[in-house]
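> Quick note on my numbering: the sequence shown kicks off at 124 and runs consecutively.
The C-beta atom is built at its ideal place from N, Cα and C for all residues, glycine as well.
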Amino acid sequence: MFFFHTAFFAIENTILYFGPKTENAIVFTASLGTNNTETSAVKQLYTLSQQFEKTPPSLSVIIAITANDRSPLPDFVPVNTLEGTKSLIRIIARYKNPAVILLDTGTVRPQIESGANGIVCPPWLFQSVYTQLVRSSIVPRYKDFDTILRRLHWLIDDPRLQLYTENNIPAIKIKTEASIVSALISLPETIKDTLANDRDKHYLTLSFGKHCVIFPEKHLIILIAIVIAVFLFIFIMFSFLSEHKHDRHIKDLIRTSYLPLYYFLANMLCFFIALKYTELLFYFQFGAKSGIEALPALSFFVYFSSALLLIAMNVFVHNIIPMPSSTFMYGYIGSSLSLINIFIFSALNFSLSIIFLAFYLISFISYRNIRIPIQAVCFLLMLSMFFPFITSAFQNSTVIWKRMVFHSVFFSFALIPLNLFGIRLFFNLYPIAIRKKRLLFRIYLALIGAAVLVSSTFVFIFSHRLKANHENTIICQTLENGVLTTELKTSIPLSEKTFQPMTISDDINHFVSVSISSHNYLERRISTVTVASLLPTEAVELNIYSEDGLAVYEADRAFTRSDKGETARFISVAAPSMPFVVQFSGDKDITKIRVSVSLWTKADPFQTKKMRDSILQNAPYLLKIVKTEDAVLIKEPT
């Protein structure tokens, strides 16, 4: 067993190696928690390492405890995250065929996440993990539809899994609080024979209890080809039974040929109006559309129920337009569009082809049947095909809102066959008394309208509570040039609350000190900047600039450039070790550099808590100290 530690971080990665050195490697990893504390997942890996010490595996196994992956600080504080995972990936890249099993805290029953960034793990990795958990009498929790939703970016991704997929490393995540060491100990032997197998990314899963069946991509292609061949055969053999009906159906088809385009545009308009209504509602409450981010699930409910109400009203209005007396063509066009959707949406993501294939099969049964009960059941079954998308949108509404235009187009086009089958079912109910039919439809509209009204009312109620209680509000003070300013950082727009700037007589050097040293070395100037503070430090940002030339060519820390590459920006990890030291090389002839330091701390040296009102007494607090130093560099003789 060996130990490996990364450099530059306050707390380092711990890497443990087991087994012989092979080109294949299984990596078990977990991240330390915020503030680099041990989690239950980390403790499980330590227990697993003890098992591997007693029984070494037959291939390379790595157990990695990564640090500095998470930040307890809010998003507006710049810190380096995922540093531990990035360092681990550099180690994993040395192996030809690696596979990563990421452990994290979660519920008692293990939950599997199969990928991120629109990519899922290979089927052999998913199958091995699922099977091994079941063999250990642990039934994992996994939603089969998540395989499709993950590829569509409809689920919230773990940023660590994103890094692995970006680097083409097969990875899977298990979230649990229960001990699964008994399952993990046997995983290397289960996976080693399939480690270099295919990287199929379009498979589907069907899990039920202790069993999990995987349908590979090639089987899906064969299934779709068979269905299309059957359809073409039926289409060729299609007959309208008589010349009279043939002529009538051709005329009806011409009269209704505009319906797909009409309903696509109408659906888009309904979703657009619903979106603007939702934005207007939140703008009225918060003063900005960004208020949607405070209540994402509720805002999506307002948006979707409003769109559904408008679409239903459009179908009802369409009922008064003179249309063909035969409703056969509505089903025929709807079923044909369902077939076309298989190709359109499989081009978007092949995993969707199986969903729209099932949709098409149901639509084919519906349009070939004249019985109203069967049509109604088929309509409900087709509608249920969208339930996983809708429930996912509610549960992951923060992700959905970022791509709302795409999702509006998706639903607008996918719902066209439902529009047509809905009209067909509505017309077929014509023998029912018109008064009763309109009454049923008005009840339906009333229910949807009530949902829109109730959800809109909830927006007013919850937004008032959020603004009144200042939830998710952070008090951020900035000390710069002897002036202390205060502002409220929050995810939602709040009513104006002003704070008077304060003049601070204390010397800023009491809080932050910056020292700069420099000397020539060959064709470069080597400089060192040291930032020290007596206050407990949460984060440090350092900007270095020179008017005489490029101040930073290379450095011992990662940095980014701004101002056309002339300014180098360094940021620390959360809670860095102090002093914060950066060594870098720059142009040999520069004579002056400017160093701007921003340091964040939770300390309150000015006792401002006493001056806050009762509402903000317990709000989180951050102090940002900004200091700028100009250093004149002595030009050494050549």
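Do residue 282 and residue 205 have their beta-carbon atoms positioned less than 7 Å apart in this structure?
Yes, the pair counts as a contact, with Cβ atoms nearer than the cut-off.
> Looking at residue 157: is its Cβ nearer than 7 Å to the Cβ of residue 197?
No, Cβ-Cβ distance for residue 157 and residue 197 is not below 7 Å.
> Using the rule of at least 16 other Cβ atoms within 10 Å of the residue's Cβ for burial, across every protein chain shown, is residue 193 buried or exposed?
Answer is buried; the Cβ neighbour count reaches 16.
> Sort 508, 244, 396 and 542 by Cα distance to residue 384 and report the nearest one.
Ranking 508, 244, 396 and 542 by Cα distance to residue 384 puts 542 first.
> For residue 255, count the other beta carbons within 10 Å of its own beta carbon; 16 or more makes it buried, fewer makes it exposed. Which is it?
Label assigned to residue 255: buried.
> DSSP three-state call for residue 379: helix, strand or coil?
Residue 379 falls in the coil class under three-state DSSP.
> For residue 647, which beta-bridge partners are listed by DSSP?
In DSSP, residue 647 forms a bridge with 644 and 710.
> So what's residue 362 in DSSP terms, helix, strand or just coil?
For residue 362, the pLDDT reaches just 47, beneath the cut-off of 50, and the residue's location in the model is therefore unreliable, although a value from the coordinates is still provided. Here residue 362 sits in coil by DSSP.
> If you draw a straight line from the C-alpha of residue 324 to the C-alpha of residue 522, how long is it?
Going from the Cα of residue 324 to the Cα of residue 522 covers about 22 Å.
> Am I right that residue 279 and residue 252 are in contact with their C-beta atoms under 8 Å? What's the rounded C-beta distance?
Not confirmed; about 20 Å, so no contact.
> Which same chain residues, not among the five before or five after residue 686, have their C-beta less than 8 Å away from its C-beta?
Excluding positions up to five away in sequence, the list reads 668.
> Going by alpha carbons, who is nearest to residue 260 out of 289, 305 and 153?
Nearest C-alpha to residue 260: 305.
> Enumerate in chain order the residues of its own chain whose CB-to-CB distance from residue 504 is below 8 Å, with the five nearest sequence positions on each side excluded.
Once the five neighbours on either side are set aside, the close Cβ partners of residue 504 are 485.
> Output needed for residue 394: all residues of its chain with C-beta closer than 7 Å, excluding positions within five of it in sequence on either side, in chain order.
Excluding positions up to five away in sequence, the list reads 430, 531, 534 and 535.
> Going by DSSP, name the residue or residues bridged to residue 744.
598.
> Identify, in the order they occur along the chain, each residue of the same chain with its Cβ nearer than 8 Å to the Cβ of residue 308, setting aside the five sequence neighbours on each side.
So the list reads 171, 174, 175 and 178, once near-sequence residues are dropped.
> Classify residue 747: buried if its beta carbon has 16 or more other beta carbons within 10 angstroms, exposed otherwise.
Its Cβ being crowded by 16 or more others within 10 Å, residue 747 is buried.
> Could you check the C-alpha separation between residue 681 and residue 604 for me, to the nearest Å?
Roughly 29 Å separates the two Cα atoms.
> To the nearest angstrom, how far is the alpha carbon of residue 598 from that of residue 610?
Their Cα atoms are separated by approximately 6 Å.
> To the nearest angstrom, how far is the alpha carbon of residue 478 from that of residue 469?
The alpha-carbon atoms of residue 478 and residue 469 are separated by roughly 10 Å.
> Let me check understanding here. Comparing Cα to Cα, which of 244, 337 and 303 lies closest to residue 290?
Residue 244 is the option with its Cα nearest to residue 290.
> Can you list, in chain order, the residues of its chain whose CB lies under 6 Å from that of residue 143, leaving out five sequence neighbours each side?
So the list is empty, once near-sequence residues are dropped.
> Among 275, 297 and 272, which residue has its Cα nearest to the Cα of residue 284?
Checked all of 275, 297 and 272; the closest Cα to residue 284 is 297.
> Shortest alpha-carbon distance to residue 203 belongs to which of 707, 720, 731 and 697?
The candidate whose alpha carbon is nearest that of residue 203 is 697.
> Jot down the residue ranges of each uninterrupted alpha helix (DSSP H) in the stretch 303–327, minimum 4 residues, whole runs only, in chain order.
304–307 and 310–314, all fully within the stretch 303–327.
> Can you tell me where the alpha helix (DSSP H) holding residue 723 begins and where it ends?
That residue, residue 723, is in no alpha helix (DSSP H); its beta strand (DSSP E) goes 715–724.
> Tell me whether the beta-carbon of residue 660 lies closer than 7 Å to the beta-carbon of residue 701.
Yes, Cβ-Cβ distance for residue 660 and residue 701 is below 7 Å.
> Apply the 10 Å Cβ neighbour rule to residue 181 and answer buried if 16 or more other Cβ atoms are within range, or exposed otherwise.
Exposed is the call here.
> If you drop the 5 nearest sequence neighbours on each side, which residues of the same chain put their C-beta closer than 6 Å to that of residue 717?
Once the five neighbours on either side are set aside, the close Cβ partners of residue 717 are 668 and 753.
> Would you say residue 722 faces chain B, with C-beta separation under 7 Å as the test?
Looking for chain B here will not work: only one protein chain is present.
> I'd like the list of long-range same chain contacts for residue 364, defined as Cβ closer than 7 Å, with 5 residues on each side in sequence excluded.
The predicted position of residue 364 is uncertain, since its pLDDT is 43 and thus under 50; a value taken from the coordinates is nonetheless stated next. Contacts found: none.
> With DSSP collapsed to three states, give me the class of residue 805.
Summary: the structure shown does not reach residue 805, with the chain confined to residues 124 through 761, and so no result is reported for it.
> Fully enclosed by the stretch 670–706, which beta strand (DSSP E) runs are 3 residues long or longer?
Listed in chain order, they are 683–685 and 690–694.
> Suppose the cutoff is 6 Å on Cβ atoms and the five residues either side in sequence are ignored; what does the same chain contact list for residue 400 look like?
So the qualifying residues of the chain are 429.
> Out of 233, 151, 275 and 301, which has the shortest C-alpha to C-alpha gap to residue 75?
Here the chain has residues from 124 to 761 only, and residue 75 is not among them.
> Check whether the Cβ atoms of residue 148 and residue 185 sit closer than 7 Å, and answer yes or no.
Their beta carbons are under 7 Å apart, which means residue 148 touches residue 185 by this criterion.
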